[in-house]
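A.B. asks: One structure is given below, represented as structure tokens, and several questions about it will come after.
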Amino acid sequence: MDADTTDMTATDRSPNERFQHQALLTKFADRSATIVVVGLGYVGLPLAMELAEAGFTVVGYDVSTRVVDLINSGESHIQDVPSDTIARLVTSGKLSATTDESCMRRADAISIAVPTPLSKTRDPDMTYVLSAVDAVARQAHAGLLVVLESTTYPGTTRDLIVPRIEEAGLTVGVDVFVAFSPERVDPGNPVWHTKNTPKVVGGITAACTEVATALYSATIDTVVPVSTTECAELVKLLENTFRAVNIAMANEMSIVCDKLGVDVWEVIDAAATKPFGFMKFTPGPGIGGHCIPLDPHYLAWKMRTLNYKTRFIDLASEINSAMPDVVAGKVARALNDVRKAVNGSRVLVLGVAYKKNINDMRESPALDVIRLLEERGAEVVYHDPFIPSFREGDHFMEGVELTDAELQRADAVVIVTDHDGIDYQHVLDVADVVVDTRNATARTLPSHARLVALSAPRTAAAGV
Ligand SMILES: NC(=O)c1ccc[n+]([C@@H]2O[C@H](COP(=O)([O-])OP(=O)(O)OC[C@H]3O[C@@H](n4cnc5c(N)ncnc54)[C@H](O)[C@@H]3O)[C@@H](O)[C@H]2O)c1
Numbered sequence: 003m004d005a006d007t008t009d010m011t012a013t014d015r016s017p018n019e020r021f022q023h024q025a026l027l028t029k030f031a032d033r034s035a036t037i038v039v040v041g042l043g044y045v046g047l048p049l050a051m052e053l054a055e056a057g058f059t060v061v062g063y064d065v066s067t068r069v070v071d072l073i074n075s076g077e078s079h080i081q082d083v084p085s086d087t088i089a090r091l092v093t094s095g096k097l098s099a100t101t102d103e104s105c106m107r108r109a110d111a112i113s114i115a116v117p118t119p120l121s122k123t124r125d126p127d128m129t130y131v132l133s134a135v136d137a138v139a140r141q142a143h144a145g146l147l148v149v150l151e152s153t154t155y156p157g158t159t160r161d162l163i164v165p166r167i168e169e170a171g172l173t174v175g176v177d178v179f180v181a182f183s184p185e186r187v188d189p190g191n192p193v194w195h196t197k198n199t200p201k202v203v204g205g206i207t208a209a210c211t212e213v214a215t216a217l218y219s220a221t222i223d224t225v226v227p228v229s230t231t232e233c234a235e236l237v238k239l240l241e242n243t244f245r246a247v248n249i250a251m252a253n254e255m256s257i258v259c260d261k262l263g264v265d266v267w268e269v270i271d272a273a274a275t276k277p278f279g280f281m282k283f284t285p286g287p288g289i290g291g292h293c294i295p296l297d298p299h300y301l302a303w304k305m306r307t308l309n310y311k312t313r314f315i316d317l318a319s320e321i322n323s324a325m326p327d328v329v330a331g332k333v334a335r336a337l338n339d340v341r342k343a344v345n346g347s348r349v350l351v352l353g354v355a356y357k358k359n360i361n362d363m364r365e366s367p368a369l370d371v372i373r374l375l376e377e378r379g380a381e382v383v384y385h386d387p388f389i390p391s392f393r394e395g396d397h398f399m400e401g402v403e404l405t406d407a408e409l410q411r412a413d414a415v416v417i418v419t420d421h422d423g424i425d426y427q428h429v430l431d432v433a434d435v436v437v438d439t440r441n442a443t444a445r446t447l448p449s450h451a452r453l454v455a456l457s458a459p460r461t462a463a464a465g466v
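With the numbering used here applied, the sequence shown covers 3 to 466.
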């Protein structure tokens, strides 16, 4: 970090910096700026919508022709974004989409929200970010703000973005402003959206932070500036590592409770009555989504390059990724109790999305549960009201309807995702064996099904 640069006041700045900086602040204040959002997925599309709603002209740039065509025809491919809002913004000319990177030539700001997956060896896969940044660098010009939103390891913005943009003959902090601002969108959350979730922003220089803060303040209710891009990058990793570690502890507590014959949900709910010093996390079949299972590994990888082992991250990952095996073991024991083998049994998996009420199954633990049961010879079918079918590698599955016939045909039903729309009482009334990994049956009445929970096996008679 160049302290001389970050500590500068407005009057210390060079005439060019002052000019570009002021020009952008004015365009963000009067909404005359054109913003390009790179990557129109779970993060990019809601952000593009909010910027367009705030009055900016927004162009979404995506490499997927399907996504671009959908947006331009007023259709949403993201559950939380209503098609009629897209259609209204497209019709008004505030929002459009393209696969042509030259749209960035006329941009005043570019926000990059492309995937940051892991490679097979669980190292950061930066190919999407690099390809997006190369496109940005080819189109970069003086008077531009570039913000990376993709979750990544600390140092990415400074080490990967700044040199590429400066190769185009531009000086960051003078001609072009570069910042990192982590996205915190929580798909399916009915309360917290892009607009009302505070947004952290850290720039390469103080002027970069100021320009990026000005853009987001025009559309997000609360903007939280921090002093560096590294700080902003770490904020996101701390948040998601915090979740991964605490979920792992709840998962381990479920194993502890199971061995002690105690109901883990009762323990957690009672502990959560403490008004201070405790935050509720719940166990389950494992973790999923594009964030919690992946993001901590970005930090672990970075720290390995500095010869430091992030033990909490490694341990949490080990515990969380073993949960599908725990669930498969529960199903095997539940079948055994009714004198059946997994091999040859029909198992109905209820819910394959990685969390309830959404249609995203990236990294879903349901995939591992299905694979583990199939490896043991089970015939696995699934029902998910949000996911009619899916393909995982060579494996294609089409969901079944949740009929009484399906419930009766199943030797065991395993609740992997606790979608709200499912009548769990009815499931218990009709099925023979139910394994509940989410406490979805907490408020059901005793029924004829044999009910097995993640901890402390309960029979139907123990239903509350
Ligand atoms: N999904 C979430 O809940 C969530 C929450 C917070 C942060 N994030 C982070 O945000 C980033 C984006 O995640 P997402 O869930 O929106 O991904 P996504 O897969 O839903 O969308 C990414 C989009 O980027 C497009 N794309 C890929 N490469 C491109 C390129 N070179 N140029 C232009 N477009 C390109 C894809 O076609 C796709 O439409 C990731 O770093 C993720 O970790 C995701």
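Every residue gets a Cβ at the ideal spot worked out from N, C-alpha and C, and that includes glycine.
Given that a residue counts as buried once 16 or more other Cβ atoms are within 10 Å of its Cβ, and exposed if not, what is L447?
C.D. replies: So L447 counts as exposed.
A.B. asks: Rounded to whole angstroms, what is the Cα-Cα separation between I372 and A250?
C.D. replies: Those two C-alpha atoms are separated by around 21 Å.
A.B. asks: Pick helix, strand or coil for T59, following the three-state DSSP scheme.
C.D. replies: Reduced to three states, the DSSP call for T59 is strand.
A.B. asks: Pick helix, strand or coil for P390, following the three-state DSSP scheme.
C.D. replies: Residue state, collapsed to three classes: coil.
A.B. asks: Report all residues from its chain with a CB closer than 7 Å to the CB of I389; omit the five preceding and five following residues, and keep chain order.
C.D. replies: Within the same chain, I389 has close Cβ partners V354, A355, N361, M363 and G401.
A.B. asks: Over what stretch of residues does the alpha helix (DSSP H) that includes M483 continue unbroken?
C.D. replies: Because the chain here runs from 3 to 466, residue 483 falls outside it and cannot be looked at.
A.B. asks: First and last residue of the alpha helix (DSSP H) that includes H385?
C.D. replies: It is not in any alpha helix (DSSP H) - H385 instead sits in the beta strand (DSSP E) that spans E381 to H385.
A.B. asks: Answer yes or no: the CB of V225 versus the heavy atoms of ligand 1, is any distance below 7 Å?
C.D. replies: Outside the cutoff, so no.
A.B. asks: Does DSSP put F280 in a helix, a strand or coil?
C.D. replies: Of the three classes helix, strand and coil, the one that applies to F280 here is coil, per DSSP.
A.B. asks: Output yes or no for whether 8 Å exceeds the beta carbon distance between V138 and T101.
C.D. replies: In this structure, T101 does not lie closer than 8 Å to V138 by Cβ.
A.B. asks: Tell me where the alpha helix (DSSP H) around T231 begins and ends.
C.D. replies: Residues T231 to L262.
A.B. asks: What is the rounded straight-line gap between the Cα of G76 and the Cα of L120?
C.D. replies: Distance between the alpha carbons of G76 and L120 is about 32 Å.
A.B. asks: Tell me where the beta strand (DSSP E) around S113 begins and ends.
C.D. replies: From DSSP, the beta strand (DSSP E) with S113 extends over A111 to I114.
A.B. asks: Cα separation between Y384 and F21?
C.D. replies: C-alpha separation (whole angstroms): 60 Å.
A.B. asks: When you compare each of G290, V148 and I73 to V174 by their alpha carbons, which one comes out closest?
C.D. replies: V174 has its Cα closest to that of V148, out of G290, V148 and I73.
A.B. asks: Taking the beta strand (DSSP E) that R452 falls in, what are its first and last residues?
C.D. replies: R452 -> beta strand (DSSP E) spans R452 to A455.
A.B. asks: Of all the beta strand (DSSP E) runs that stay within the bounds of the region 111-172, which reach a length of 3 or more residues?
C.D. replies: Here the runs fully enclosed are 111-114 and 146-150.
A.B. asks: For R107, is the classification buried or exposed, using 16 other Cβ atoms within 10 angstroms of its Cβ as the cut-off for buried?
C.D. replies: R107 is exposed by the Cβ-count criterion.
A.B. asks: Specify, as a first and last residue, the run of the alpha helix (DSSP H) that D370 falls within.
C.D. replies: Per DSSP, D370 belongs to the alpha helix (DSSP H) from P367 to E377.
A.B. asks: Under DSSP, the alpha helix (DSSP H) around I73 begins and ends at which residues?
C.D. replies: Element bounds for I73: T67 to N74.
A.B. asks: Measuring CA to CA, which of T123, E55 and F179 is closest to A470?
C.D. replies: Here the chain comprises residues numbered 3 to 466, so residue 470 is not present and cannot be evaluated.
A.B. asks: According to DSSP, I417 sits in a beta bridge with which residue or residues?
C.D. replies: According to DSSP, which records beta bridges pairwise, I417 is partnered with L352 and D438.
A.B. asks: Our contact map puts D431 next to H450 with C-beta atoms below 8 Å; I'd like the distance itself, whole angstroms only.
C.D. replies: With 8 Å as the limit, D431 and H450 qualify as a contact, their Cβ atoms being about 7 Å apart.
A.B. asks: Any idea what DSSP makes of T211, helix, strand or coil?
C.D. replies: Helix.
A.B. asks: Buried or exposed: L262, going by 16 or more other Cβ atoms within 10 Å of its Cβ?
C.D. replies: Exposed.
A.B. asks: At what residues does the alpha helix (DSSP H) containing H292 begin and finish?
C.D. replies: Taken as a continuous stretch (DSSP letters only), H292 belongs to no alpha helix (DSSP H), as it is neither H nor E.
A.B. asks: Considering only residues of the same chain and omitting the five flanking positions on each side of D125, which have a CB-CB separation below 6 Å?
C.D. replies: W303, listed in sequence order.
A.B. asks: Are A115 and L26 closer than 8 Å when you measure CB to CB?
C.D. replies: Their beta carbons are not under 8 Å apart, which means A115 does not touch L26 by this criterion.
A.B. asks: Hey, is D327's beta-carbon within less than 8 Å of any beta-carbon in chain C?
C.D. replies: The structure shown contains no chain C; it holds only a single protein chain.
A.B. asks: Would you decide whether H299 is buried or exposed? Buried here means 16 or more other CB atoms lie within 10 Å of its CB.
C.D. replies: Buried.
A.B. asks: Give me the Cα-Cα distance between R452 and D434, rounded to the nearest whole angstrom.
C.D. replies: Computed Cα separation, rounded: 6 Å.
A.B. asks: Rounded to whole angstroms, what is the Cα-Cα separation between V351 and R245?
C.D. replies: Distance between the alpha carbons of V351 and R245 is about 25 Å.
A.B. asks: Determine whether the beta carbon atoms of A142 and L162 lie at a separation below 8 Å.
C.D. replies: For A142 and L162, no; Cβs fall outside 8 Å.
A.B. asks: Given a threshold of 16 other Cβ atoms within 10 Å of its Cβ, counted over all protein chains shown, does A99 qualify as buried or as exposed?
C.D. replies: A99 should be labelled buried.
A.B. asks: Would you report the Cα separation of D82 and V60, rounded to the nearest angstrom?
C.D. replies: About 19 Å.
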